[in-house]
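Written below as structure tokens is the structure these notes are about.
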């Protein structure tokens with residue numbers, strides 16, 4: 001839509017200007033206004049120079065450029081997510097980082113897909129888990145594949161660690177929000193490199209942080225309080241999985257868009273392992289489940 | 301029609317700074333929130349921009365980070381790559397001219413141009429310009445810049461999101477600022493900026509008194525502001541360098 005110069009010109013504000021905002025060189029040498037074609041050429045030249053040299057000739061009106069330096073794409077600026085995944089949980093443990101998520105993909109309140117893998121290995125040292133729009137996550141995986149591939153082509157023995165990947169993700173997410181076209185995800189990135197464990201989150205708007213245990217979406221409400229009281233430094237694998245399963249079970253009971261099919265993944269110095277999906281044993285015999293109105297008169 | 305995408309969030313937090321004759325205290329809590337949820341209890345809002353200049357900001361974390369990166373690149377902090385400036389000037393004069401043109405077009409990197417750390421008042425002007433550059437899609441960042449000026453006197457600069465700024469003796473910004481400012485006003489009455497001849501805005505307190513005051517105002521703000529809490533990070537800048545202190549706050 002904003003591709004051609006003609007349509008760009010149509011969008012210039014019409015205030016006070018007979019030249020559609022094109023007063024680059026308002027007066028020619030003979031005291032007459034220069035023609036519109038000349039202005040268009042000069043403006044394009046200025047933009048070209050500005051684009052490739054970062055330097056603009058003096059006739060470029062920076063104040064006016066400023067309005068257009070951020071292109072707001074109105075067609076995509078009121079997007080909303082279609083198929084979404086719910087919470088992802090990540091914790092540090094003795095040997096690295098563990099991550100857990102269910103494999104559901106919801107279409108609004110419909111459970112549309114039942115085996116979407118939302119935790120993926122990235123490069124040699126990282127795991128990425130995503131909640132939110134599934135298609136945006138898959139696009140992000142394509143970006144990351146390309147990033148890792150191009151990094152590999154240097155063939156210099158270096159590899160991108162979790163910190164670098166996390167930073168890359170923050171830049172992608174923030175860049176897309178600046179274009180009013182966000183990737184609708186909350187991302188959890190975990191990894192180990194050179195004995196350093198790393199666990200971080202990036203939100204849809206590009207806000208980011210690190211912590212020893214994290215959870216997105218509903219998980220931030222329901223799993224984080226459990227993690228805060230029961231997580232310990234240097235838990236072994238079994239303890240850590242048990243803690244994750246406790247959180248997943250609470251989410252299963254209370255988050256209606258979660259499903260009973262979970263994946264747990266670990267990343268250690270040896271690399272990433274994503275375990276096959278499995279179910280947890282549920283118990284619905286709690287009296288509050290069987291007779292929810294018992295202690296709350298007037299409800300149904 | 302759905303509502304329009306909102307590119308901003310407020311991640312909360314309170315920042316306070318106090319300038320004295322030979323010190324500056326800059327403090328901020330370490331809670332990061334969104335809506336009614338806490339994202340993390342341990343996120344530092346204070347960023348050291350130069351030897352004697354720190355920036356403390358609350359608002360939208362992603363914007364704040366972008367702002368900090370921008371300022372760091374202009375000033376060239378620590379390990380940012382040493383570009384290829386030395387190579388440039390070995391080249392032939394023709395190429396030389398072209399490269400000078402190129403260099404002028406790029407953001408000038410202060411330490412390469414001047415071979416020294418930026419002073420706090422200089423950084424204050426740079427921050428103002430950087431904020432105003434995004435006047436029509438602002439950084440949602442409420443900043444306090446604190447440090448020592450070139451005479452070694454404490455200085456505090458306080459900003460709005462689009463770059464208006466003022467040198468003051470003390471200031472507070474962020475979600476708890478409405479609770480903190482009246483207390484600081486009461487304790488540190490600064491001389492009116494309208495006085496002629498102008499009087500110094502620095503506070504009469506000693507360094508330890510100022511640090512204690514900061515601890516008290518944070519403990520108080522935490523009682524009533526849900527976005528303030530967990531921990532205060534206090535940075536003290538004086539002639540002998542930079543020192544950090546932490547104290548715990550309510551976690552609820």
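Residue numbers (this note's numbering), protein chains in the order written: chain A, 1 to 300; chain B, 301 to 552. For each residue, glycine too, the CB sits at the ideal point set by N, CA and C.
Of the choices the options, whose alpha-carbon is the least far from that of residue i?
i                      : options                       : result
residue 453 of chain B : B:419, B:471, B:509 and B:328 : B:419
residue 363 of chain B : B:375, B:324 and B:345        : B:345
residue 209 of chain A : B:323, B:339 and B:320        : B:339
residue 361 of chain B : A:216, A:206 and A:177        : A:206
residue 374 of chain B : B:411, B:356, B:481 and B:348 : B:411
residue 146 of chain A : A:122, A:45 and A:239         : A:122
residue 171 of chain A : A:140, A:194 and A:52         : A:140
residue 355 of chain B : B:343, B:328 and B:376        : B:328
residue 248 of chain A : A:237, A:234, A:280 and A:232 : A:280
residue 530 of chain B : B:523, B:548 and B:519        : B:548
residue 46 of chain A  : A:59, A:177, A:223 and A:110  : A:59
residue 273 of chain A : A:237, A:225 and A:285        : A:237
residue 428 of chain B : B:459, B:409, B:551 and B:505 : B:459
residue 288 of chain A : A:177, A:263 and A:253        : A:253
residue 243 of chain A : A:258, A:257, A:262 and A:223 : A:223
residue 105 of chain A : A:83, A:92 and A:91           : A:83
residue 90 of chain A  : A:226, A:296, A:278 and A:257 : A:226
residue 421 of chain B : B:332, B:510 and B:468        : B:468
residue 319 of chain B : B:490, B:348, B:333 and B:342 : B:490
Distance, Cα to Cα, residue i vs residue j?
i                      : j                      : result
residue 532 of chain B : residue 496 of chain B : 37 Å
residue 484 of chain B : residue 359 of chain B : 21 Å
residue 219 of chain A : residue 179 of chain A : 28 Å
residue 398 of chain B : residue 424 of chain B : For residue 398 of chain B, the predicted model reports a pLDDT of 49, less than 50, meaning its position is unreliable and no value from the coordinates is stated.
residue 470 of chain B : residue 326 of chain B : 10 Å
residue 129 of chain A : residue 229 of chain A : 23 Å
residue 108 of chain A : residue 336 of chain B : 24 Å
residue 216 of chain A : residue 416 of chain B : 44 Å
residue 157 of chain A : residue 124 of chain A : 12 Å
residue 291 of chain A : residue 283 of chain A : 14 Å
residue 464 of chain B : residue 435 of chain B : 11 Å
residue 293 of chain A : residue 299 of chain A : 6 Å
residue 525 of chain B : residue 260 of chain A : 39 Å
residue 266 of chain A : residue 96 of chain A  : 7 Å
residue 203 of chain A : residue 480 of chain B : 30 Å
residue 161 of chain A : residue 500 of chain B : 50 Å
residue 558 of chain B : residue 353 of chain B : Residue 558 of chain B lies beyond the residue range present for chain B, which begins at 301 and ends at 552; the question has no answer from this structure.
residue 255 of chain A : residue 85 of chain A  : 12 Å
residue 181 of chain A : residue 310 of chain B : 19 Å
residue 514 of chain B : residue 177 of chain A : 36 Å
residue 351 of chain B : residue 450 of chain B : 12 Å
residue 312 of chain B : residue 494 of chain B : 33 Å
Does DSSP classify residue i as helix, strand or coil?
i                      : result
residue 282 of chain A : coil
residue 411 of chain B : helix
residue 83 of chain A  : strand
residue 275 of chain A : coil
residue 310 of chain B : coil
residue 303 of chain B : coil
residue 419 of chain B : coil
residue 360 of chain B : coil
residue 173 of chain A : helix
residue 436 of chain B : coil
residue 259 of chain A : coil
residue 367 of chain B : helix
residue 298 of chain B : Not covered by the structure: residue 298 of chain B. The range shown for chain B is 301 to 552.
residue 457 of chain B : strand
residue 88 of chain A  : strand
Please list the partners that residue i has in chain A, where partner means a Cβ-to-Cβ separation under 8 Å.
i                      : result
residue 310 of chain B : Per Cβ cutoff of 8 Å: no residues; residue 310 of chain B is ~10 Å from chain A at best.
residue 343 of chain B : 209
residue 418 of chain B : Chain A residues near residue 418 of chain B: none, gap ~22 Å exceeds 8 Å.
residue 361 of chain B : 207, 208 and 209
Check the Cβ of residue i against every Cβ in chain A and list those closer than 7 Å, keeping chain order.
i                      : result
residue 340 of chain B : 209 and 211
residue 366 of chain B : 174
residue 442 of chain B : Within chain A, no residue comes near residue 442 of chain B; the closest Cβ sits about 16 Å away, beyond 7 Å.
residue 307 of chain B : 177, 180 and 205
Measure from the C-beta of residue i to each C-beta in chain C and report whether the shortest distance is under 8 Å.
i                      : result
residue 182 of chain A : Structure shown: chain C not included; protein chains present are A and B.
Mind listing the chain B neighbours of residue i? Cutoff is C-beta to C-beta under 7 Å, in chain order.
i                      : result
residue 220 of chain A : 337
For a contact meaning CB atoms closer than 8 Å, what does residue i contact in chain B?
i                      : result
residue 256 of chain A : Result: empty, since nearest Cβ-Cβ is about 19 Å, beyond 8 Å.
residue 43 of chain A  : Neighbours of residue 43 of chain A on chain B: none; closest Cβ ~18 Å, over 8 Å.
Just to make sure I have the definition right: I need the residues of chain A whose C-beta is within less than 9 Å of the C-beta of residue i. Which are they?
i                      : result
residue 332 of chain B : 207 and 209
Q) Where in the stretch 92-150 of chain A do unbroken runs of the beta strand (DSSP E), each at least 3 residues long, occur, reported from the N-terminal end onward? A) Counting only runs of at least 3 residues, the stretch 92-150 of chain A fully encloses the following beta strand (DSSP E) elements, listed from N- to C-terminal order: 96-102, 105-107, 110-113, 119-122 and 126-133.
Q) Going along the chain, which unbroken runs of the beta strand (DSSP E) with 3 or more residues stay wholly within the stretch 182-213 of chain A? A) You should have 185-193, 196-202 and 208-210.
**Q.** Complete runs of the alpha helix (DSSP H) confined to the stretch 474-531 of chain B [at least 4 residues]
**A.** Listed in chain order, they are 477-487 and 507-524.
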